[in-house]
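Colleague:
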Amino acid sequence: MAGRGRPAGATNKLLERMTQVLETLAHNQEAEPAEYRGLSSFTRHNPPKFEGKFDPEGAQRWITDMEKIFHAMGCRDEHKVTYATYMLSGEAENWWRFASQTLLQEDGYIPWETFKATFLGNYFPRDLKKQKAREFLELKQGNMSVGGYAAKFHELMKYWPHYQHNDGEEDLCAQFEHGLRPDIRATVSVFQLTELPTLVSKCRIFEANTKGKTVDTRIGGPVRQD
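Everything in the sequence shown is counted per UniProt numbering, starting at 1 for the first residue and increasing by one.
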């Protein structure tokens with residue numbers, strides 16, 4: 001039975017028409033450049049705009065946000081610059097119109113790392129990077145909690161060039177220990193840890209175990225030790 005109340009010929013014509021429509025849609029989609037097909041997926045992640053005002057930290061944060069979205073999308077490298085520069089506006093968009101002419105390769109492809117280096121070179125001056133690197137090397141825990149110190153350490157460590165190397169984690173651990181308060185450093189240094197997450201965890205445990213203990217004094221009895 002072709003269909004209740006409908007001749008077989010009419011049903012076949014309807015199926016043929018639906019097939020033609022689907023084939024047309026598929027053809028149009030194939031003709032559209034892949035990067036434009038993926039743009040709607042990119043914008044669904046609510047990427048932030050960048051206007052180009054002097055905001056070095058904001059520039060670095062914008063790059064980080066872009067890379068998080070690219071990772072979530074599984075974005076191919078040849079599409080990243082197209083998507084990211086779509087979010088430039090104002091002065092930053094004008095800058096890119098000029099800068100892109102010097103970066104464009106014969107095949108029209110600009111690698112993401114090339115764009116990132118050029119972008120940060122313009123919006124995050126080298127002198128400021130050096131200042132941040134010095135701030136990282138001089139960072140001390142002081143009155144910060146282990147969590148607060150670790151957060152500041154992670155924020156600044158990207159400015160230390162040695163961090164970019166695969167063998168840099170052992171040195172990061174040494175640097176982290178160097179900035180700890182003496183009592184915590186003396187306790188965790190005996191473990192000779194070379195993985196930063198493990199080191200931070202050990203420091204947190206020590207802090208939690210000691211924060212609330214009491215000590216006896218000669219006068220007045222036990223006193224809470226913060």
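We put the CB at the ideal spot given by N, CA and C, even for glycine. This one's a predicted model, so the numbers in the text were calculated from it and none came from an experiment.
(1) Is ALA117 closer than 7 Å to GLY52 when the C-beta atoms are compared?
(2) Look at the Cβ atom of GLU177, then the Cβ atom of LEU156, and state whether they are nearer than 7 Å.
(3) Could you tell me the distance, in whole angstroms, from the CA atom of ARG126 to the CA atom of GLN101?
(4) Tell me the residue span of the alpha helix (DSSP H) that contains LYS49.
(5) Kindly list the residues whose CB is nearer than 8 Å to the CB of GLY147, restricted to its own chain and excluding five residues on each side of it in sequence; keep chain order.
(6) Given this structure, state the Cα-to-Cα distance separating THR82 from LEU88, to the nearest angstrom.
(7) What does DSSP give as the partner residue(s) for HIS88 in the beta ladder?
(8) Closest to SER201 by C-alpha separation, out of SER145, HIS45, GLU78, would be which residue?
(9) What are the uninterrupted segments assigned as alpha helix (DSSP H) that are 4 or more residues long and contained completely in the segment 123 to 156, given in chain order?
(10) On the premise that PRO56 lies in contact with PHE119, defined as a C-beta separation below 8 Å, what is that separation, rounded to the nearest angstrom?
(11) List in chain order: all unbroken alpha helix (DSSP H) runs of 4+ residues lying wholly within the segment 164 to 212.
(12) Compute the Euclidean distance between the alpha carbons of THR43 and MET66, then round it to the nearest angstrom.
(13) What three-state label does DSSP hand LYS38 in the structure shown?
(14) By Cβ distance, which residues of its chain are closer than 8 Å to LEU103, with the 5 residues on each side in sequence left out?
(15) Between which two residues does the alpha helix (DSSP H) containing ILE69 stretch?
(16) What does the alpha-carbon distance come out to for the pair HIS71 and ARG181?
(17) Pick from LEU39, LEU196, PHE191: whose alpha carbon is nearest that of GLU169?
(18) Cβ atoms of GLY179 and LEU137: under 7 Å apart, would you say?
Modeller: On the basis of the coordinates in this document:
(1) no
(2) no
(3) 23 Å
(4) Where LYS49 is concerned, there is no enclosing alpha helix (DSSP H), given that its DSSP letter is neither H nor E.
(5) Excluding sequence neighbours, GLY147 sits near ARG204.
(6) Cα-Cα distance, rounded: 11 Å.
(7) First, the residue type needs correcting, since residue 88 is Leu and not His in the sequence shown. DSSP output for LEU88 lists PHE50 as bridge partner(s).
(8) SER145
(9) 126 to 137, 146 to 156
(10) Rounded, the Cβ-Cβ distance is 11 Å, inconsistent with contact.
(11) Counting whole runs of 4 or more residues, the segment 164 to 212 contains the alpha helix (DSSP H) stretches 169 to 179, 182 to 188, 196 to 210.
(12) 11 Å
(13) Checking the displayed sequence, the identity of residue 38 turns out to be Gly instead of Lys. GLY38: coil per DSSP, three-state reduction.
(14) ILE110, THR114, PHE115, THR118
(15) 56 to 73
(16) 37 Å
(17) Comparing Cα positions, the closest option is LEU196.
(18) no
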